[in-house]
Structure formats: structure tokens, C-alpha cells
Amino acid sequence: MLPVQLIRKKRDGGALDDAELRTFIEWVTAGSIPDYQIAAMLMAIFFRGMDDRELATWADAMTRSGDVIDLSSVKRAKIDKHSTGGVGDKISIPLAPAVAACGVAVPMVSGRGLGHTGGTLDKLESIPGFRVDLPVEKFKQLVDELGVCLIGQTARIAPADKRLYALRDVTATVESLPLIASSIMSKKLAEGIDGLVIDCKVGNGAFMKTIERARELCALMIAIGTRAGKRITCVLTDMEAPIGRTIGNSLEIRESIEVLRGGGPVDTRELTHVLGAEMLVLGGVAVDAAEGASKIQKALADGSALEVFRKVVAAQGGDPRVCDSPGSVLPKPASRDEVSLPPGRIVAIDSEALGIAALVLGAGRRTAEDRIDPSAGLVVDAYLGEVIEAGGPPSVMIQHSLPAGDSRLAEARAMIERAFVLQPADQPAPSVRSSRILEVIR
199 MLPVQLIRKK
209 RDGGALDDAE
219 LRTFIEWVTA
229 GSIPDYQIAA
239 MLMAIFFRGM
249 DDRELATWAD
259 AMTRSGDVID
269 LSSVKRAKID
279 KHSTGGVGDK
289 ISIPLAPAVA
299 ACGVAVPMVS
309 GRGLGHTGGT
319 LDKLESIPGF
329 RVDLPVEKFK
339 QLVDELGVCL
349 IGQTARIAPA
359 DKRLYALRDV
369 TATVESLPLI
379 ASSIMSKKLA
389 EGIDGLVIDC
399 KVGNGAFMKT
409 IERARELCAL
419 MIAIGTRAGK
429 RITCVLTDME
439 APIGRTIGNS
449 LEIRESIEVL
459 RGGGPVDTRE
469 LTHVLGAEML
479 VLGGVAVDAA
489 EGASKIQKAL
499 ADGSALEVFR
509 KVVAAQGGDP
519 RVCDSPGSVL
529 PKPASRDEVS
539 LPPGRIVAID
549 SEALGIAALV
559 LGAGRRTAED
569 RIDPSAGLVV
579 DAYLGEVIEA
589 GGPPSVMIQH
599 SLPAGDSRLA
609 EARAMIERAF
619 VLQPADQPAP
629 SVRSSRILEV
639 IR
């Protein structure tokens, strides 16, 4: 068969058979097909879509394009969590050790931040010495011994996805739901997991802007996972405001440790409890979400989750004193500045703008090659529905190490100020959601 035959078939609305799909991914992985023919196939999929069988086979071929980690030696159930990306999303950091403390193994292969969303690896690397580039054998050992290990994707995990992802970015096919679903699931299925909980963010700070589109994506990911024999749960969560109070790497580690100590902001705790509960249900150590949430809360309250995190930090080369005194261990910014909002009631927050402001300050990267300032970021003390009083405390604290007079500071400040929409305090207050949880799809 020839690449052009498969491209034409999909372009004309035909369904590719399993052999055709696997052969195409083999060509992608081997480098035996030019970029322009891959781009043509991506565009054909963008417009014509894929049925469940096609999508499951395509994702499986991507998974098998590289190494699939064998975790059969780990006797506990192996359940991971994936987030589609949000602003201030540090949930994996308290979640993974809490779930491990409850008896479910969490083999977590995470990503780096790009654009307005942060990455778990960047946050962990703000702990001095913490290594995320561990060999696979060390990863397997720690998952077995500690119940959790957090590493970055290696070049041998779903290498076909790396090439497809790069081409999607420059061919206007990023938004294709089948291509998004297969990209996510191909990497997760290569981890050797038994099940997966997906935190699908919805709102202005997420890639999924509407709940309808989020539901479509979740249905595709569940279909891929089910056909692969994995247990999948999707939790749709609100991303109309930043998660917790912090945006930025070391700042989010501090907040994560607060949660591991049984405290932290209400929404950060809620997401940890709910996502952890679903992981425990999939792992067979809780009969339902209520029992799972109770077990997660107990692990956070009695210190067992923090103790697991302490062991993980030490085992991965980091300074475990961060668990007791994060302020003395984590990097410190050169400067702190304040942003005060005008009087009024906050009726909307542009989460994406705040994420980009943190990026401008050095907390994120515009390209994969950019370097990160682990101490940079924002502490946000302003919430939807809150009334800002004249002369009150600052609403946002800026942390950075930019030189005096650097234009990026003024740029970030302007973005922060524009991110908050206020109305007169005497006008009727809009309704504000009391929970981040929109829907659970099992």
C-alpha cells in the first residue's frame, strides 16, 4: 500500500482498516514518510474524524510505536491521573502520595508546562535536587517500594506521538478531538497502568472552553481506554478561575505541601479529595466515591500522605526538608510587587491571562527551549464574587527576578489588572459555583 492511497481513502470519508492504521503509524515512527503526507492525513482526520475502532487502533499503534512499561511486578492496582491542563493546577503533587498512602500505586509520567498552563515536572524540579529523568528500572522500583514515582516522558514512550504532535501544531489540526484523545491516551497506556482518572478542565483557563466539547473528548478517551482493557473515569472540572491561591512552580509546591498537611485552599483540597476518591474506586480499595474521599481525607489529615511525599522527594534526589520548612528550601525571588484592584465586586476572572502573566514573569515557557525561573509567579488573594474595598490589602502578589525597569514586569502587571472584571458592589451579585466539580463520567 502507498501513503497516498490511505490519505485519499480517509479524505473521501472511508474508514481505514487496522492494518492500514498500524502501517501508517509505523511509517511515521520509522521516518519513512515525509511530513507533508503526514500533514495531509492529519487534515483528513480533522475533517472526516474516526470511528471508535479506528481511533482505538490508531492510539494503540501510537502506544506500541515505542516502549510499554511493564509494571506486572507491582502487585497493587496501578492507577494514574491525567489533567488536560489548567492555571494553578498543582493537584497531581498532593494527589499521588495521598492515593499511594491508601494502597493504590501511582506510576505518573508527567509533562512540562507550555503556554499558559503549568507542568508538574517544572513544579517538582523547583525542589532543589529533585530528578524527573530517572531510568525506567528505577521508576518501576520506586512505584513498587513507595507506591508512587513521578517522572517525565522518555524518547521511547509513544515516539509516534512526538512527531504527530509537532505537525499538528503547525498544520492547524491541534483542535481535532480524535487527535487530542489519541495523543493523551497513547502516552498513558504506555505506562503499564490498570486504570486512569482524567481531570478534564472546562472554562476560560482550559483548552476545552465548553462542557459539550469536554464531554465529546471524554467519550473518545473512555472508548480508547475501554477497548484497551483499561478502567477510565473522567471528571469534568471548572477552570473559570485559577486553582488555589498560587500560580508558579515553587509557589505551587508550597500550596501542595499545605494540602498534604491537611490544609490549603478549599478548591485545591476538593479536587484532591474527589480525584483521589475516583482513583481509589478504580483501584478497588474503595467501594464508592464517598468511601474513597473519606480515605483520602484521612491520609491527608493523619500525615501518611505527607510521609509518602517525603520519601518520594528523598528517593528522587530532592531535599526532604521541603516537607517541614518549604520556605527555607525552595528558591526565593529577587523581588516582590503588589497589584491592588479598584473597588468593586469581582464578577469574572480571565484565568488564561493570569497564566500568561506568570509565564511573562518567568514561571512558564513560550517554547520548549525556554528556561524557567522556579521562584517566579503569582499569589492571588482575589476570588469570584469577592468585594474589593478601597484601601484594602493587595489582591495579587507578584514574585520575580527580572531586572529593574524590565518591560516584562509592566506587561505582566497590565495583564493581571485586565484579568479581573469588576462591577459596582451595590449591584446584584452574580451566582458563584461552590464546587469545582461539574460532572463525573464513568
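Residue numbers (my numbering): 199 to 640.
Backbone N, C-alpha and C define an ideal beta-carbon position, used for all residues, glycine too.
Since we're looking at a predicted model, the values are computed, not measured.
Asked: Methionine 595 versus serine 573 - alpha carbon distance; Found: 13 Å
Asked: Contained beta strand (DSSP E) runs [length at least 3] in the stretch 303-357, N- to C-terminal order; Found: 304-308, 346-350
Asked: Collapsed DSSP secondary structure at arginine 631 in the structure displayed; Found: coil
Asked: Contact the stretch 308-318 vs the stretch 333-342: 3+ CB pairs below 8 Å; Found: no
Asked: Where glycine 562 falls: helix, strand or coil (DSSP); Found: coil
Asked: Boundaries (first-last residue) of the alpha helix (DSSP H) holding alanine 512; Found: 502-513
Asked: Assigned secondary structure, threonine 431 (DSSP; H/G/I helix, E/B strand, else coil); Found: strand
Asked: Assigned secondary structure, arginine 543 (DSSP; H/G/I helix, E/B strand, else coil); Found: strand
Asked: Lysine 208 - DSSP class collapsed to helix/strand/coil; Found: helix
Asked: Nearest residue (CA-CA) to arginine 696, options Asp517, Gly345, Ala513, Ala532; Found: Here the chain comprises residues numbered 199 to 640, so residue 696 is not present and cannot be evaluated.
Asked: Bridge-paired residues (DSSP) for arginine 606; Found: Paired residues: none, contrary to the question.
Asked: Cut-off 6 Å between Cβ atoms - residues of its own chain near leucine 458, not counting five sequence neighbours on either side; Found: Pro292, Ala503, Leu504, Phe507
Asked: Nearest-angstrom Cα separation, counted from proline 529 out to valine 184; Found: Outside the displayed range of the chain (199 to 640) lies residue 184, so it cannot be described from this structure.
Asked: According to DSSP, residues forming a beta bridge with threonine 470; Found: Beta-bridge pairing links threonine 470 to no other residue.
Asked: Residues bridged to methionine 419 [DSSP beta-bridge criterion]; Found: Answer by DSSP bridge pairing: none, since methionine 419 is not bridged.
Asked: Sub-8 Å separation of serine 384 and aspartate 359 beta-carbons; Found: yes
Asked: Neighbourhood of valine 537 by C-beta distance below 7 Å, restricted to the same chain and skipping five residues each side; Found: Pro592, Ser593, Val594, Ile596, Arg611, Ile614, Glu615
Asked: Reduced DSSP secondary structure (H/G/I, E/B, other) of glycine 575; Found: strand
Asked: Straight-line gap, alanine 426 to tyrosine 363 (C-alpha atoms, nearest Å); Found: 22 Å
Asked: At least 3 beta-carbon pairs within less than 8 Å: the stretch 614-632 vs the stretch 535-553; Found: yes
Asked: Rounded C-alpha distance that separates phenylalanine 245 from isoleucine 378; Found: 14 Å
Asked: Status (buried if at least 16 other CB within 10 Å, exposed otherwise) for alanine 356; Found: buried
Asked: Nearest-angstrom Cα separation, counted from alanine 499 out to glutamate 468; Found: 14 Å
Asked: DSSP beta-bridge partners of valine 594; Found: Val537, Val578
Asked: Which listed residue (Arg361, Glu550, Asp465) has its alpha carbon closest to that of valine 226; Found: Arg361
Asked: Span of the alpha helix (DSSP H), counted from its first residue to its last, around phenylalanine 222; Found: 216-228
Asked: Assumed close pair valine 400, leucine 434 - CB separation to whole angstroms, cut-off 8 Å; Found: 6 Å
Asked: Through-space distance from serine 523 to glycine 327, alpha-carbon basis; Found: 16 Å
Asked: Buried or exposed (CB count within 10 angstroms, at least 16 for buried), glutamine 351; Found: buried
Asked: Start-to-end residues for the beta strand (DSSP E) that takes in leucine 620; Found: 618-621
Asked: Nearest residue (CA-CA) to asparagine 603, options Leu559, Val638, Glu584, Asp571; Found: The amino acid at residue 603 is misidentified as asparagine; the sequence shows glycine. Closest option to glycine 603, Cα to Cα, is Leu559.
Asked: Rounded straight-line distance, which links the Cα of arginine 640 to that of threonine 431; Found: 5 Å
Asked: Reference serine 633, options Thr470, Pro518, Pro540, Arg563, closest by Cα; Found: Thr470
Asked: For glutamate 637, the residue or residues it bridges with in DSSP; Found: Leu434
Asked: For lysine 398, the residue or residues it bridges with in DSSP; Found: Inspection of the sequence shows that residue 398 is occupied by cysteine rather than by lysine. Bridge partners of cysteine 398: Leu434.
Asked: Pairwise C-alpha distance: cysteine 521 and isoleucine 455; Found: 6 Å
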